[in-house]
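**Student:** Quick one: this structure, given as structure tokens, is what I'll be asking you about.
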Amino acid sequence: MSDNIESHLQENRTFAPPAAFSEKARIKSIEQYEEMYRESIDDPDTFWAREANELKWQQPWDSVCIWNPPHAEWFTGAKVNITENCLDRHLENGNGDKTALLWEGEPGDKRSISYRELHHEVCLFANALKNNGITSGDRVLIYMPMVAEAVIAMLACARIGAVHSVVFGGFSADSIKDRLEDSQAVAVITADGGWRRGKIVPLKANVDEALASYDGVKNVFVLKRCENDVTMTDGRDMWWEDETAKVDANCPPVALDAEHPLFILYTSGSTGKPKGILHTTGGYMVGTYATCKYIFDMQPDDVYWCTADVGWITGHSYIAYGPLLNGCTQVIYEGAPNHPDFSRFWQMVEEYKVSIFYTAPTAIRAFIKAGDQFVDGYDLSSLRLLGTVGEPINPEAWMWYYNKIGGGKCPIVDTWWQTETGAIMISPIPGAVPIKPGTATRPFFGVDAAIFDETGQPVGPNEGGKLVIRKPWPSMLRTIYNDDQRFKDTYWSEYEGVYLAGDGARTDSDGNFWIVGRLDDVLNVSGHRLGTAEVESALVAHPAVAEAAVVGRPDDLKGQAVVAFVTVKTGIETSDDLAKELRNHVGKSIGAIAKPDDIKFASTLPKTRSGKIMRRLLKEICATGKISGDTTTLEDFTAIAALQK
Ligand code: WT7
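Position one of the sequence shown corresponds to residue 1 (UniProt numbering), numbered consecutively onward.
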């Protein structure tokens with residue numbers, strides 16, 4: 001990443017919003033943005049009440065926000081159902097025939113679903129859940145490929161007040177089991193398999209393996225996707241199509257408290273155990289609605305495509321909820337960007353006339369590496385707005401995206417946010433804010449972002465510090481599921497009443513925020529968060545391993561690559577085969593994204609006198625091959641000497 005930081009500091013190319021874009025945009029000038037921003041900070045209740053009033057509530061709120069740091073309640077007293085706003089509202093407004101989803105499977109199968117049809121399918125499946133005894137407040141784990149039914153399953157849970165916990169289809173059986181146990185889920189929704197690079201991912205088999213050691217699940221709903229062989233356990237496993245055939249589609253949206261839990265989504269932290277981030281209904285709904293509306297500037301004739309998976313927060317907020325709240329038409333694609341080759345996305349942009357396209361820097365870098373021949377020849381003229389998310393974007397990738405994909409006429413919204421924030425926090429408003437390669441620019445409405453020094457004082461422009469948020473916002477996490485103490489310790493203990501994001505950042509003299517990256521032991525691998533401690537605990541669970549230390553190494557494609565330093569138990573021989581076995585072992589216990597790119601066997605690891613592994617040294621060895629700086633607390637210099645070799 002050091003190269004990125006270097007070029008960040010020198011970056012001064014600025015691109016004003018194209019006049020043609022601003023004219024049609026909701027927010028047309030920097031003055032308008034600044035005025036709205038000021039209002040949203042000075043009088044957040046008025047600002048958010050106005051946004052919320054564009055949506056449908058079954059009962060109005062008593063207060064917009066009650067803030068007892070670190071606990072916030074939004075729209076207290078209100079009753080609401082988010083799916084009524086994603087679905088019924090559009091039917092009532094005469095938009096039932098509008099296309100909601102344009103779905104494409106990896107093998108090329110296609111499906112177009114109108115808002116009316118989506119409403120019908122959600123109601124049917126919600127009734128199937130109810131028919132099997134699933135009720136409001138129950139936790140339901142969803143482990144699905146990127147098919148329309150993944151969104152349908154999420155909305156069906158929300159329709160009846162069940163709390164979904166989506167697990168990314170690339171995660172392992174062990175990861176499913178951990179999440180089932182932590183959330184005490186009573187049902188699972190999955191598919192026989194999903195397509196990925198021409199192969200079938202055995203989703204149902206992974207669920208079976210997880211359920212072998214967790215017995216709280218009463219029902220497993222299985223969608224037929226790949227027609228691969230699966231084992232069905234009598235009395236527990238049932239086919240999606242059979243269950244929906246037993247019920248009708250009359251399923252009124254349940255009136256839920258605004259603070260009713262909507263979902264739990266697990267994300268890596270700096271200890272071995274992923275955190276169950278809890279989001280609730282009303283505030284999350286208003287936050288995802290408003291950010292989609294203003295940041296993606298969604299207009300009635302837009303075709304929007306976010307390439308994320310619903311297993312991540314991006315897929316929750318900017319596939320399942322935000323675009324549907326805005327009544328938008330969106331593309332959903334099941335498979336890999338390079339299947340059958342790297343032109344897949346551009347072919348789809350042309351075919352569906354995509355106008356708003358949202359992806360990750362790691363994908364952009366992969367496209368650059370694959371070569372322009374995969375882009376050339378496709379008609380990308382339908383595009384009017386581009387977005388990125390997940391990690392800092394290096395200026396080279398930004399310029400390629402801007403010119404090659406956007407034809408130099410599409411603003412890029414570089415959106416900074418987190419699983420915890422629920423919605424985008426820092427991003428240009430595309431018709432208003434001038435953009436520069438590498439900066440997420442300015443905070444969204446109501447987001448009181450600042451950079452603090454160690455003592456909790458805001459630092460001046462161009463000084464680095466810790467990114468914090470000083471005021472509550474509607475879509476903020478409410479707690480860590482079953483671990484409120486960890487919630488307090490992780491986000492609120494460094495500065496009182498102030499949210500600590502965990503990222504390092506600085507502002508420039510124009511007030512733009514430049515995000516540098518995580519300050520904790522969390523890696524960002526291809527835009528996905530991965531805790532070093534998680535990978536370490538997977539490694540030490542292997543019988544051959546004595547100790548492990550995992551660090552990130554700058555990587556041109558993935559942002560960071562995973563490097564594991566491993567010492568083995570006495571009597572164990574190290575070998576390439578063992579390294580391979582350890583990689584697979586990590587893949588099996590977490591998922592393929594966690595597999596170390598590099599395993600370095602060592603005789604001992606560098607430790608401080610108090611026994612802490614000195615990761616800083618390991619990181620430096622990975623990045624530069626040698627050590628500089630202070631090593632006075634190091635216990636044993638021979639460890640370092642051996643590693644440098
Ligand atoms: C971390 C959050 C939110 C969706 C995807 C990741 C990094 C995210 C940006 C950006 C620089 C970014 C941060 C953040 N990050 N977006 N535009 N510029 N860094 O969600 O898994 O919760 O990870 O991703 O480090 O803390 P997540």
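Cβ atoms here follow ideal geometry from the backbone N, Cα and C, with glycine treated the same way. Quick caveat: nothing in here was measured; it's all calculated off a predicted structure.
(1) With three or more beta-carbon pairs closer than 8 Å as the criterion, would you say the stretch 205-222 touches the stretch 185-196?
(2) Where do the N-terminal and C-terminal ends of the beta strand (DSSP E) with Gln58 fall, by residue?
(3) State yes or no: is the C-beta of Asp555 within less than 9 Å of the C-beta of Ala561?
(4) Tell me the rounded alpha-carbon separation between Val354 and Val389.
(5) Please state the DSSP three-state secondary structure of His90.
(6) According to DSSP, is Glu547 part of a helix, a strand, or is it coil?
(7) Can you name, in chain order, every residue of its own chain whose Cβ lies under 7 Å from the Cβ of Asp453, other than the five neighbours on each side?
(8) Using the rule of at least 16 other Cβ atoms within 10 Å of the residue's Cβ for burial, across every protein chain shown, is Asn81 buried or exposed?
(9) Is any beta-carbon of chain C found at less than 9 Å from that of Ser427?
(10) From Gly311 to Gly422, what distance separates their C-alpha atoms?
(11) Give the list of continuous alpha helix (DSSP H) stretches no shorter than 4 residues that lie fully inside the stretch 271-338.
(12) Please write down, chain order preserved, every residue whose beta carbon lies under 7 Å from a heavy atom of ligand 1.
(13) With DSSP run on the structure shown, which of helix, strand or coil describes Glu6?
(14) Under 8 Å by Cβ, that's how I've got Arg529 and Glu463 pegged, so tell me the actual separation to the nearest angstrom.
(15) Measuring straight from C-alpha to C-alpha, what distance separates Ala100 and Arg615?
(16) Assign Leu256 to one of three DSSP states: helix, strand, or coil.
(17) Near residue 656, which residues of its chain fall below 8 Å by C-beta distance, leaving aside the five closest residues on each side in sequence?
(18) By Cβ distance, which residues of its chain are closer than 6 Å to Trp492, with the 5 residues on each side in sequence left out?
(19) Taking buried to mean at least 16 other C-beta atoms within 10 Å of its own C-beta, is Met1 buried or exposed?
(20) So, with DSSP's three-state summary, where would you put Trp473?
(21) Which same chain residues end up closer than 6 Å to Pro18 when comparing Cβ atoms and leaving out the 5 residues on each side of it in sequence?
(22) Alpha carbon to alpha carbon, what distance is there between Asp597 and Glu496?
(23) Under the rule that 16 or more other beta-carbon atoms within 10 Å means buried, what is Asp3, buried or exposed?
(24) Please report how far the alpha carbon of Val122 lies from the alpha carbon of Pro340, in whole angstroms.
(25) Below 8 Å CB to CB, which residues in the same chain sit around Ile426 once its five sequence neighbours on both sides are set aside?
(26) With a 10 Å radius around its C-beta and 16 neighbouring C-beta atoms as the bar for buried, classify Gly194 as buried or exposed.
(27) Which of the three DSSP states is assigned to Gly629 in this structure?
(28) How many Å lie between Asp88 and Pro606 at the Cα?
(29) Ile480 and Lys275 - do their beta-carbons sit closer together than 9 Å?
**Tutor:** Walking through what the data contain:
(1) In short, these stretches touch, since the Cβ pair count reaches three.
(2) Here residue 58 corresponds to residue number 58 of the sequence shown, with the count starting at 1. It is not in any beta strand (DSSP E) - Gln58 carries neither H nor E in the DSSP assignment.
(3) For this step, residue 555 is matched to residue 555 along the sequence shown. For this step, residue 561 is matched to residue 561 along the sequence shown. Contact: yes.
(4) As a working mapping, residue 354 is identified with position 354 in the sequence shown. As a working mapping, residue 389 is identified with position 389 in the sequence shown. Within the model, the alpha-carbon separation for Val354 versus Val389 is close to 18 Å.
(5) What you label residue 90 is simply residue 90 of the sequence shown in a count that begins at 1. Helix at His90.
(6) For this step, residue 547 is matched to residue 547 along the sequence shown. DSSP places Glu547 in strand when its eight states are reduced to three.
(7) Along the sequence shown, read from residue 1 onward, the residue named residue 453 stands at position 453. These residues qualify, in order along the chain: Val459 and Gly465.
(8) On the sequence shown, residue 81 is found 81 positions in, with the first residue counted as 1. Counting every other CB atom within 10 Å of its CB across the protein chains shown gives Asn81 a total of 16 or more, marking it as buried.
(9) Of the protein chains in the structure, only one exists, and it is not chain C.
(10) Mapped onto the sequence shown, residue 311 falls at position 311. Mapped onto the sequence shown, residue 422 falls at position 422. Rounded to the nearest angstrom, the two C-alpha atoms are 14 Å apart.
(11) As for any alpha helix (DSSP H) of minimum length 4 sitting wholly inside the stretch 271-338, the runs are 281-295 and 322-325, ordered along the chain.
(12) Ordered along the chain, the selected set is Thr267, Trp312, Ile313, Thr314, Thr388, Val389, Gly390, Glu391, Pro392, Ile393, Asp414, Thr415, Trp416, Trp417, Gln418, Thr419, Glu420, Ala440, Ala501, Gly502, Asp503, Ile515, Gly517, Arg518, Asn524, Gly527, His528 and Arg529.
(13) As a first step, residue 6 is located in the sequence shown; it is residue number 6 there, counting from the start. Low confidence applies here, because Glu6 scores a pLDDT of 44, under 50, leaving its location unreliable; read the following figure in that light. In the three-state reduction of the DSSP assignment, Glu6 falls in the helix class, which pools H, G and I.
(14) The residue given as residue 529 occupies position 529 in the sequence shown. The residue given as residue 463 occupies position 463 in the sequence shown. Taking C-beta atoms under 8 Å as the contact rule, Arg529 and Glu463 fail to qualify, at a distance of about 26 Å.
(15) Residue numbering aside, residue 100 sits at position 100 when the sequence shown is read from its first letter. Residue numbering aside, residue 615 sits at position 615 when the sequence shown is read from its first letter. Looking at the backbone, the Cα of Ala100 and that of Arg615 are separated by about 48 Å.
(16) As a first step, residue 256 must be located in the sequence shown, where it is residue number 256. The answer is strand: DSSP assigns Leu256 an E or B state.
(17) Here the chain covers residues 1 to 645 and nothing more, so residue 656 does not appear.
(18) As a first step, residue 492 is located in the sequence shown; it is residue number 492 there, counting from the start. Beyond the five residues adjoining it in sequence on each side, Trp492 comes within less than 6 Å, by CB distance, of Pro70 in the same chain, given in chain order.
(19) Translated into the one-based positions of the sequence shown, residue 1 becomes position 1. With a pLDDT of 36 at Met1, under the threshold of 50, the modelled position of this residue cannot be trusted; read the value that follows with caution. Met1 sits buried, since 16 or more C-beta atoms from the chains shown fall within 10 Å of its C-beta.
(20) Residue mapping note: residue 473 aligns to position 473 of the sequence shown, counting from 1. Three-state result, Trp473: coil.
(21) Along the sequence shown, one-based indexing puts residue 18 at 18. Spatial neighbours of Pro18 in its own chain (CB-CB distance under 6 Å, excluding positions within 5 residues in sequence) are listed in chain order as Lys409.
(22) In the sequence shown, the residue the question calls residue 496 occupies position 496. In the sequence shown, the residue the question calls residue 597 occupies position 597. The C-alpha of Glu496 lies about 39 Å from the C-alpha of Asp597.
(23) The sequence position of residue 3 within the sequence shown is 3, counting from 1. Any answer about Asp3 is weak, because its pLDDT of 42 lies below 50 and its placement is not dependable; what the coordinates show is given next. The residue in question, Asp3, is exposed, as its Cβ has fewer than 16 Cβ neighbours within 10 Å.
(24) Here the question's residue 122 lines up with position 122 in the sequence shown. Here the question's residue 340 lines up with position 340 in the sequence shown. Between the alpha carbons of Val122 and Pro340 lies a gap of roughly 32 Å.
(25) Here residue 426 refers to the residue found at position 426 when the sequence shown is read from its first residue. Closer than 8 Å at Cβ, skipping near neighbours: Thr415, Trp416, Trp417, Ala440, Thr441, Arg442, Pro443, Phe444, Val447, Ala449, Phe513 and Ile515.
(26) Position 194 of the sequence shown, counted from the first residue, corresponds to residue 194. Around the beta carbon of Gly194, a 10 Å sphere encloses 16 or more other beta carbons of the protein chains shown; the residue is thus reported as buried.
(27) For this step, residue 629 is matched to residue 629 along the sequence shown. Note: Gly629 maps to coil in three-state DSSP.
(28) For the purposes of this step, residue 88 is identified with residue 88 of the sequence shown, where counting begins at 1. For the purposes of this step, residue 606 is identified with residue 606 of the sequence shown, where counting begins at 1. Cα to Cα, Asp88 sits roughly 60 Å from Pro606.
(29) On the sequence shown, residue 275 is found 275 positions in, with the first residue counted as 1. On the sequence shown, residue 480 is found 480 positions in, with the first residue counted as 1. Against a cut-off of 9 Å, the Cβ pair of Ile480 and Lys275 comes out as a contact.
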